[in-house]
Amino acid sequence: MPEIQILLVEDSPQDVELTLDVLQGGNLANEIHVVRDGEEALDFLFCWGSFAERASGPPKLVLLDLKLPKVDGLAVLRAIKSDLRTKAIPVVIMTSSKEEQDMVSSYHLGANSYIQKPLDFDQFRVKVKELGLYWLLVNDPPPPSAFVATPGD
Amino acid sequence: MTGAKHGFGRYSGLVVPWAAAAGVFAGFVGIVVLIGWQFRIPFLKAPFPATTSTFMAPNTALCFILLGLSLWLQRRKGGGVRSSFLGKACAAFVFVFGSLTLLEHMTGLDLGIDRLFFTRRLSDWTLVGPPGRFAWNTALAFVPLALALLLLDRKWKEQPLSEILALAAGLVAFFGLIGYWYGVPYLYNPAFVLRMALHTAITFLALSTGVFFARTEDGVAALLLSRDISGAIARRLLVTIVIVLPLLGWLQIKAEEVGIVGPEHGSVLLVCVAVTVLSALALDTAQQLRRQNIEREYVEALRLLAAIIESSDDAILSESLDGFITTWNKGAERLYGYTAAEAIGQSISLVVPPEHQEELHDLLQCIRRGEGVERHESVRLCKDGRRVYVSLTLSPLKDKSGRITGASAIVRDITGRKQAEKRIAHLASFPELNPAPIFETDLEGKISYANPSALRMFQSRQADAMLREWASLLELFKTGHERRITREVEVDGSFFLQEIYHTPEPGTVRAYLVDITGRKQVEDDIQQLNEELEQRVMERTAELAASNKELEAFTYSVSHDLRAPLRHIDGFSKILLERYSGDLDAKGRHYLEEVRTATQNMGRLVDELLELSRIGRQELQLQFAGLSSLFEEVRTELMKDTGSRQIEWRIASLPFVECDLTLMRQVVTNLLSNAVKFTRPRDRAVIEVGQMQQGIETVVFVRDNGVGFKMKYAYKLFGVFQRLHRAEDFEGTGVGLATVQRIIHKHNGRVWAEAELDQGATFYFTLDGSQTDSPTLNFISTVGRNDAGNTNSAG
Numbered sequence: 255m256p257e258i259q260i261l262l263v264e265d266s267p268q269d270v271e272l273t274l275d276v277l278q279g280g281n282l283a284n285e286i287h288v289v290r291d292g293e294e295a296l297d298f299l300f301c302w303g304s305f306a307e308r309a310s311g312p313p314k315l316v317l318l319d320l321k322l323p324k325v326d327g328l329a330v331l332r333a334i335k336s337d338l339r340t341k342a343i344p345v346v347i348m349t350s351s352k353e354e355q356d357m358v359s360s361y362h363l364g365a366n367s368y369i370q371k372p373l374d375f376d377q378f379r380v381k382v383k384e385l386g387l388y389w390l391l392v393n394d395p396p397p398p399s400a401f402v403a404t405p406g407d
Numbered sequence: 018m019t020g021a022k023h024g025f026g027r028y029s030g031l032v033v034p035w036a037a038a039a040g041v042f043a044g045f046v047g048i049v050v051l052i053g054w055q056f057r058i059p060f061l062k063a064p065f066p067a068t069t070s071t072f073m074a075p076n077t078a079l080c081f082i083l084l085g086l087s088l089w090l091q092r093r094k095g096g097g098v099r100s101s102f103l104g105k106a107c108a109a110f111v112f113v114f115g116s117l118t119l120l121e122h123m124t125g126l127d128l129g130i131d132r133l134f135f136t137r138r139l140s141d142w143t144l145v146g147p148p149g150r151f152a153w154n155t156a157l158a159f160v161p162l163a164l165a166l167l168l169l170d171r172k173w174k175e176q177p178l179s180e181i182l183a184l185a186a187g188l189v190a191f192f193g194l195i196g197y198w199y200g201v202p203y204l205y206n207p208a209f210v211l212r213m214a215l216h217t218a219i220t221f222l223a224l225s226t227g228v229f230f231a232r233t234e235d236g237v238a239a240l241l242l243s244r245d246i247s248g249a250i251a252r253r254l255l256v257t258i259v260i261v262l263p264l265l266g267w268l269q270i271k272a273e274e275v276g277i278v279g280p281e282h283g284s285v286l287l288v289c290v291a292v293t294v295l296s297a298l299a300l301d302t303a304q305q306l307r308r309q310n311i312e313r314e315y316v317e318a319l320r321l322l323a324a325i326i327e328s329s330d331d332a333i334l335s336e337s338l339d340g341f342i343t344t345w346n347k348g349a350e351r352l353y354g355y356t357a358a359e360a361i362g363q364s365i366s367l368v369v370p371p372e373h374q375e376e377l378h379d380l381l382q383c384i385r386r387g388e389g390v391e392r393h394e395s396v397r398l399c400k401d402g403r404r405v406y407v408s409l410t411l412s413p414l415k416d417k418s419g420r421i422t423g424a425s426a427i428v429r430d431i432t433g434r435k436q437a438e439k440r441i442a443h444l445a446s447f448p449e450l451n452p453a454p455i456f457e458t459d460l461e462g463k464i465s466y467a468n469p470s471a472l473r474m475f476q477s478r479q480a481d482a483m484l485r486e487w488a489s490l491l492e493l494f495k496t497g498h499e500r501r502i503t504r505e506v507e508v509d510g511s512f513f514l515q516e517i518y519h520t521p522e523p524g525t526v527r528a529y530l531v532d533i534t535g536r537k538q539v540e541d542d543i544q545q546l547n548e549e550l551e552q553r554v555m556e557r558t559a560e561l562a563a564s565n566k567e568l569e570a571f572t573y574s575v576s577h578d579l580r581a582p583l584r585h586i587d588g589f590s591k592i593l594l595e596r597y598s599g600d601l602d603a604k605g606r607h608y609l610e611e612v613r614t615a616t617q618n619m620g621r622l623v624d625e626l627l628e629l630s631r632i633g634r635q636e637l638q639l640q641f642a643g644l645s646s647l648f649e650e651v652r653t654e655l656m657k658d659t660g661s662r663q664i665e666w667r668i669a670s671l672p673f674v675e676c677d678l679t680l681m682r683q684v685v686t687n688l689l690s691n692a693v694k695f696t697r698p699r700d701r702a703v704i705e706v707g708q709m710q711q712g713i714e715t716v717v718f719v720r721d722n723g724v725g726f727k728m729k730y731a732y733k734l735f736g737v738f739q740r741l742h743r744a745e746d747f748e749g750t751g752v753g754l755a756t757v758q759r760i761i762h763k764h765n766g767r768v769w770a771e772a773e774l775d776q777g778a779t780f781y782f783t784l785d786g787s788q789t790d791s792p793t794l795n796f797i798s799t800v801g802r803n804d805a806g807n808t809n810s811a812g
């Protein structure tokens with residue numbers, strides 16, 4: 255299986271379509287995996303359940319919506335950032351919420367970035383393109399050793 | 018009649034007639050003697066044997082006739098001035114004659130008067146001496162006697178002259194008489210041979226007494242004949258002395274003659290007996306006087322008692338045994354209204370009301386048994402029909418032998434007392450019937466009064482505790498100046514409010530208790546209710562907090578859930594526009610554009626609504642802020658989007674205020690952005706910000722020269738979603754001013770606007786903390802952080 259570049263955690267199909275539309279414009283579509291709720295996201299990241307046989311390593315970027323069914327976005331964030339196997343994965347919160355509390359919680363839990371989805375599509379497109387560019391091209395990703403949980407860490 | 022005035026008693030009738038009679042007697046004797054001389058009847062001249070007495074001289078007889086006539090004339094009934102004058106003339110003649118004869122005796126002259134009358138018969142004169150001349154002492158008696166009759170009605174220094182003179186004459190005659198009695202010759206026959214005859218002496222005495230009784234108002238007659246003790250004493254004494262003493266003298270002489278006693282003893286005997294007799298007389302007289310005194314004192318006492326009874330305020334009356342009124346004092350007159358004349362003799366039942374008549378019978382029965390009745394209360398009837406309450410005290414009246422003859426009654430009007438008693442009973446019934454316990458003790462704890470409620474309270478067990486406490490209270494009162502203590506006590510499960518008063522004079526302590534069990538219960542209930550209420554309040558607050566939390570959650574989800582679809586609409590429509598614009602005609606593109614615009618509008622609306630609700634929920638976080646700097650910040654921010662517009666900013670110095678900075682920024686933003694927005698049509702926009710005084714308030718205003726609005730619609734200004742302009746002219750959600758108002762109201766301020774269509778608008782607001790009566794604020798506000806005056810900035 256080819257390496258997954260981006261894990262998109264988003265429950266709204268419209269948002270998925272729009273986001274993919276934007277990301278595809280940047281030629282990053284083949285490497286995007288979409289999960290539709292928090293539980294699926296965790297299954298995927300930790301190779302549980304239906305993803306037990308997943309061969310690929312951790313995604314290069316997780317785009318995480320906050321309002322998710324089953325397991326909430328912040329819970330997913332917490333899970334990711336408290337496990338050494340996934341802690342190093344860059345997580346960008348992408349949400350329509352402007353609530354201060356959400357931002358505070360997200361950053362406190364270790365989110366690497368917080369993007370508020372603007373209402374205007376043009377602005378949205380710009381943001382997504384830029385964040386994709388940044389995290390996949392500009393940013394130096396963590397090395398594989400960052401995902402190993404060794405005793406003494 | 019003067020006799021009645023001086024009380025001559027049973028002799029009064031004899032007074033005046035005796036004088037006249039004496040005169041007649043004297044005259045009669047004189048006539049008889051003269052007849053004897055004339056017709057030579059020796060018996061008539063000398064009725065007594067020659068060894069005892071001699072004859073009466075004719076001149077003597079004549080003088081007697083004249084004096085007798087004088088007395089009779091002056092004292093006869095119906096005698097007028099003329100007879101009186103005649104009488105005096107007679108007396109005067111005798112006076113002269115007697116004086117001349119006396120003169121003859123003394124000087125030895127012979128004036129010839131002796132032989133004036135009955136000259137021829139003088140040959141019968143048997144006595145030695147000049148014939149016809151009466152005796153020396155006879156003359157001596159005639160002179161004063163005649164003078165007395167002459168001066169019968171005259172007084173000398175209050176003493177009746179005539180009586181003194183008559184007394185003198187009487188004495189002379191008396192001596193003669195005694196002499197005859199004693200048989201002593203010299204008494205009636207001094208140096209001279211001639212002597213007063215016995216019958217002469219007797220006649221003189223008669224005449225003298227006649228003169229005594231000639232005066233009735235005063236003098237001897239009055240004294241002797243008076244009815245009181247003085248007359249009695251005078252009579253007794255005189256009679257005793259005049260008779261007893263001569264008698265004793267005679268006894269002495271006789272005793273000496275007979276030889277019982279020798280001459281030297283005689284006098285001693287006489288004196289002893291005289292002393293004894295006179296002493297006895299004196300003592301007896303004194304006894305009489307004393308008895309008289311006692312009687313007088315007794316009478317006086319009686320008079321005093323009578324006066325006391327009469328003047329007494331109480332009615333004092335007496336009645337006979339069968340109930341007839343016998344005495345009635347002034348007090349009785351006053352009480353009953355009947356005068357003494359009306360009451361005395363009537364039955365006592367006159368004043369007894371019909372329903373008490375039986376009682377009358379019982380009372381009299383008591384009296385008959387000899388028992389008194391003390392302070393018997395009853396009702397009596399007055400003359401005017403009024404009934405009065407009385408207190409009767411009856412005593413039996415006894416005569417000298419102890420027999421009950423009637424009753425005396427003292428009747429006191431106690432109507433006033435009865436009324437007072439009724440009033441007192443009435444007043445006393447208040448504490449007596451008071452359901453609240455009231456009691457009073459002295460300073461030693463002895464109960465002087467306790468009403469029935471208090472007595473009941475004392476019977477309860479716990480009252481003992483309260484009473485023990487009472488003792489310590491008393492100590493407090495005894496030592497201190499405490500006058501009043503209020504406290505709560507519990508007795509047997511009931512609570513009482515105790516008001517305790519201490520009166521130092523007369524040293525009593527009084528307690529009024531009010532049952533406050535109900536109040537205590539209510540207080541407990543209230544306490545409980547309060548606790549419950551607080552509990553409920555806490556619950557409600559919790560509910561409210563929970564509710565708020567819910568609301569926040571709601572807002573939160575709204576901010577997500579509403580925005581998401583909006584974003585989708587916008588996104589897809591945009592993609593559509595971009596990718597499929599070739600397939601769309603202008604109209605199609607236009608429609609899509611409209612869709613996008615609508616979406617964006619809704620987004621803004623959602624944001625502002627969220628903001629509005631958030632403001633409502635939030636608590637103010639107050640801090641001091643300078644409005645000038647705030648306005649400056651916002652202006653700078655807004656200027657970024659105004660582009661090339663010409664805007665003249667005049668921001669004056671504004672006060673420092675206590676406010677929520679975030680919210681205030683919102684206000685300023687909304688107001689200024691409005692100003693900026695609505696001045697767009699102007700070539701040169703002027704936006705002015707300043708402050709002014711309205712009374713004690715400081716008002717901040719934002720004025721623009723924009724399009725303004727009609728005051729007619731001013732009331733809509735601050736309503737949510739209310740717009741006074743068309744959307745295509747000026748964009749806006751209609752929430753901005755509502756937000757401003759919400760925020761200003763949260764600061765306890767006011768916001769309002771004035772405008773004129775096309776003349777611009779002015780928005781005013783006040784804040785609770787922007788009052789200039791705070792000197793600090795005042796000072797700070799005038800200093801300001803902004804440079805005073807206008808700030809011009811363009812673009």
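As they're listed, the protein sequences go chains A and B.
The number in the numbering used here is simply the position in the first sequence, starting from 1, with 254 added.
The number in the numbering used here is simply the position in the second sequence, starting from 1, with 17 added.
Cβ coordinates follow ideal geometry from the N, Cα and C atoms, glycine included.
For clarity, every value in this text was computed on a predicted model and none was experimentally measured.
Handout entry: DSSP beta-bridge partners of His-519 of chain B
Key = The residue given as residue 519 of chain B occupies position 502 in the second sequence. Bridge partners of His-519 of chain B: B:Val-526.
Problem - Boundaries (first-last residue) of the beta strand (DSSP E) holding Leu-268 of chain B - result: The residue you call residue 268 of chain B lines up with position 251 of the second sequence. From DSSP, Leu-268 of chain B is part of no beta strand (DSSP E) but of the alpha helix (DSSP H) over 262 to 275.
Problem - Continuous beta strand (DSSP E) assignments of at least 3 residues falling wholly in the stretch 275 to 314 of chain A - result: 286 to 289
Problem - Proximity below 7 Å, CB of Ala-365 of chain A to CB of Leu-315 of chain A - result: Taking the first residue of the first sequence as 1, we reach residue 365 of chain A at position 111. Taking the first residue of the first sequence as 1, we reach residue 315 of chain A at position 61. Not in contact: Ala-365 of chain A and Leu-315 of chain A (Cβ atoms no closer than 7 Å).
Practice task
With 9 Å as the C-beta to C-beta threshold (strictly closer), list the residues of the stretch 346 to 376 of chain A near chain D in chain order.
Solution key: Here chain D cannot be found, since the structure's protein chains are A and B.
Handout entry: Terminal residues of the alpha helix (DSSP H) in which Asp-379 of chain B lies
Key = One-based indexing of the second sequence puts residue 379 of chain B at position 362. Segment 374 to 385, the alpha helix (DSSP H) holding Asp-379 of chain B.
Exercise for the section: In angstroms with no decimal places, state the Cα-to-Cα distance between Asn-310 of chain B and Ala-323 of chain B. Expected result: Here residue 310 of chain B corresponds to residue number 293 of the second sequence, with the count starting at 1. Here residue 323 of chain B corresponds to residue number 306 of the second sequence, with the count starting at 1. Rounded to the nearest whole angstrom, the CA to CA distance from Asn-310 of chain B to Ala-323 of chain B is 19 Å.
Handout entry: Rounded separation between Gly-712 of chain B and Ile-761 of chain B - CA only
Key = Working through the second sequence from its first residue, we reach residue 712 of chain B at position 695. Working through the second sequence from its first residue, we reach residue 761 of chain B at position 744. Distance between the alpha carbons of Gly-712 of chain B and Ile-761 of chain B: 19 Å.
Problem - Among B:Gly-115, B:Arg-92 and B:Leu-86, nearest to Cys-107 of chain B - alpha-carbon criterion - result: Taking the second sequence and counting its residues from 1, the one referred to as residue 107 of chain B is at position 90. Selected option, being the one with the closest Cα: B:Leu-86.
Practice task
Could you say if the stretch 445 to 456 of chain B and the stretch 356 to 372 of chain B meet the contact criterion of at least three C-beta pairs nearer than 8 Å?
Solution key: no
Practice task
List the endpoints of the continuous beta strand (DSSP E) containing Val-508 of chain B.
Solution key: Taking the second sequence and counting its residues from 1, one reaches residue 508 of chain B at position 491. Its beta strand (DSSP E) spans residues 501 to 508.
Exercise for the section: Please say whether Gly-777 of chain B and Asn-722 of chain B have beta carbons closer to each other than 7 Å? Expected result: Here residue 722 of chain B corresponds to residue number 705 of the second sequence, with the count starting at 1. Here residue 777 of chain B corresponds to residue number 760 of the second sequence, with the count starting at 1. Yes, these two residues count as a Cβ contact at 7 Å.
Exercise for the section: Could you give the DSSP three-state label for Asp-600 of chain B: helix, strand or coil? Expected result: Your numbering for residue 600 of chain B matches position 583 in the second sequence. Helix, per DSSP.
Problem - Bounding residues of the beta strand (DSSP E) (the contiguous stretch that carries Ser-367 of chain A) - result: Taking the first sequence and counting its residues from 1, one reaches residue 367 of chain A at position 113. It spans 367 to 370 - the beta strand (DSSP E) in which Ser-367 of chain A sits, taken as one unbroken run.
Practice task
Check whether the Cβ atoms of Asp-330 of chain B and Ile-427 of chain B sit closer than 7 Å, and answer yes or no.
Solution key: Here residue 330 of chain B is taken as the residue at index 313 of the second sequence, counted from 1. Here residue 427 of chain B is taken as the residue at index 410 of the second sequence, counted from 1. Result no, Cβ atoms of Asp-330 of chain B and Ile-427 of chain B do not sit closer than 7 Å.
Practice task
Could you list the residues in the stretch 592 to 603 of chain B with a C-beta less than 7 Å from some C-beta on chain A, going in chain order?
Solution key: Ile-592
Exercise for the section: Taking only the alpha-carbon atoms, compute the straight-line gap between Leu-261 of chain A and Leu-622 of chain B and give it to the nearest angstrom. Expected result: In the first sequence, residue 261 of chain A corresponds to position 7, counting from 1. In the second sequence, residue 622 of chain B corresponds to position 605, counting from 1. Approximately 33 Å, taken between the alpha carbons.
Exercise for the section: Tell me where the alpha helix (DSSP H) around Cys-289 of chain B begins and ends. Expected result: Along the second sequence, one-based indexing puts residue 289 of chain B at 272. Looking at the DSSP string, the run of the alpha helix (DSSP H) that includes Cys-289 of chain B is 280 to 328.
Exercise for the section: Look at the alpha carbon of Leu-626 of chain B and the alpha carbon of Lys-341 of chain A, and state the distance between them as a whole number of angstroms. Expected result: Here residue 626 of chain B refers to the residue found at position 609 when the second sequence is read from its first residue. Here residue 341 of chain A refers to the residue found at position 87 when the first sequence is read from its first residue. For Leu-626 of chain B and Lys-341 of chain A, the distance between alpha carbons rounds to 38 Å.
Exercise for the section: Specify the secondary structure class of Ala-21 of chain B as computed by DSSP and reduced to three states. Expected result: Walking along the second sequence from the start, residue 21 of chain B turns up at place 4. Only weak support is given to the placement of Ala-21 of chain B: the predicted model assigns it a pLDDT of 41, under 50, and the value that follows is read from those uncertain coordinates. Reduced to three states, the DSSP call for Ala-21 of chain B is helix.
Exercise for the section: Could you list which residues in chain A have their beta carbon closer than 9 Å to that of Ala-581 of chain B, in chain order? Expected result: Here residue 581 of chain B is taken as the residue at index 564 of the second sequence, counted from 1. Those are Ser-266, Gln-268, Asp-269, Lys-321, Ser-350 and Lys-371, listed as they occur along chain A.
Practice task
Let me know if Asn-809 of chain B comes out buried or exposed under the rule of 16 or more other beta-carbons within 10 Å of its beta-carbon.
Solution key: Within the second sequence, the letter at position 792 stands for residue 809 of chain B. Bear in mind that a pLDDT of 42 at Asn-809 of chain B, under 50, signals an unreliable position, so the number given afterwards is only what the model happens to contain. It counts as exposed.
Problem - Interface residues of chain A facing Gln-617 of chain B [CB-CB closer than 9 Å] - result: Taking the second sequence and counting its residues from 1, the one referred to as residue 617 of chain B is at position 600. Simply Leu-373 and Asp-374.
Exercise for the section: Could you tell me whether any Cβ in chain A is nearer than 7 Å to the Cβ of Ser-791 of chain B? Expected result: Taking the first residue of the second sequence as position 1, residue 791 of chain B is located at position 774. Reliability of the predicted coordinates at Ser-791 of chain B is poor, the pLDDT of 41 falling under 50, and no value is obtained from them.
Practice task
Just mark Gly-44 of chain B as buried or exposed, buried being the case when its beta carbon has 16 or more other beta carbons within 10 Å.
Solution key: As a working mapping, residue 44 of chain B is identified with position 27 in the second sequence. So Gly-44 of chain B ends up on the buried side.
Exercise for the section: Measure the beta-carbon distance from Pro-323 of chain A to Asp-265 of chain A and round it to whole angstroms, keeping in mind my assumption that it falls under 8 Å. Expected result: Position 69 of the first sequence, counting from 1, holds the residue named residue 323 of chain A. Position 11 of the first sequence, counting from 1, holds the residue named residue 265 of chain A. About 6 Å separates the CB atoms of Pro-323 of chain A and Asp-265 of chain A; that is less than 8 Å, so the two are in contact.
Handout entry: Helix, strand or coil at Val-748 of chain B according to DSSP, with G and I counted as helix
Key = On the second sequence, residue 748 of chain B is found 731 positions in, with the first residue counted as 1. Correcting the residue identity first, residue 748 of chain B is Glu in this sequence and not Val. Coil at Glu-748 of chain B, not helix or strand.
Handout entry: Nearest-angstrom Cα separation, counted from Trp-389 of chain A out to Pro-397 of chain A
Key = Reading the first sequence from its first residue, position 143 is the one you call residue 397 of chain A. Reading the first sequence from its first residue, position 135 is the one you call residue 389 of chain A. Going by the C-alpha atoms only, they are around 14 Å apart.
Exercise for the section: Output the distance between the C-alpha atoms of Trp-856 of chain B and Phe-221 of chain B, rounded to the nearest integer angstrom. Expected result: Residue coverage of chain B in this structure runs from 18 to 812, which leaves residue 856 of chain B outside it and unanswerable.
Problem - the stretch 156 to 166 of chain B touching the stretch 109 to 118 of chain B, judged by at least three CB pairs closer than 8 Å - result: yes
Exercise for the section: Give the residues of chain B in contact with Asp-394 of chain A, contact being defined as C-beta atoms less than 7 Å apart. Expected result: The residue given as residue 394 of chain A occupies position 140 in the first sequence. Those within 7 Å of Asp-394 of chain A in chain B number zero; the least Cβ separation is about 31 Å.
Exercise for the section: Could you please give the first and the last residue of the uninterrupted alpha helix (DSSP H) stretch that includes Lys-415 of chain B? Expected result: On the second sequence, position 398 is the one that residue 415 of chain B refers to. Per DSSP, Lys-415 of chain B belongs to no alpha helix (DSSP H); it is in the beta strand (DSSP E), 404 to 415.
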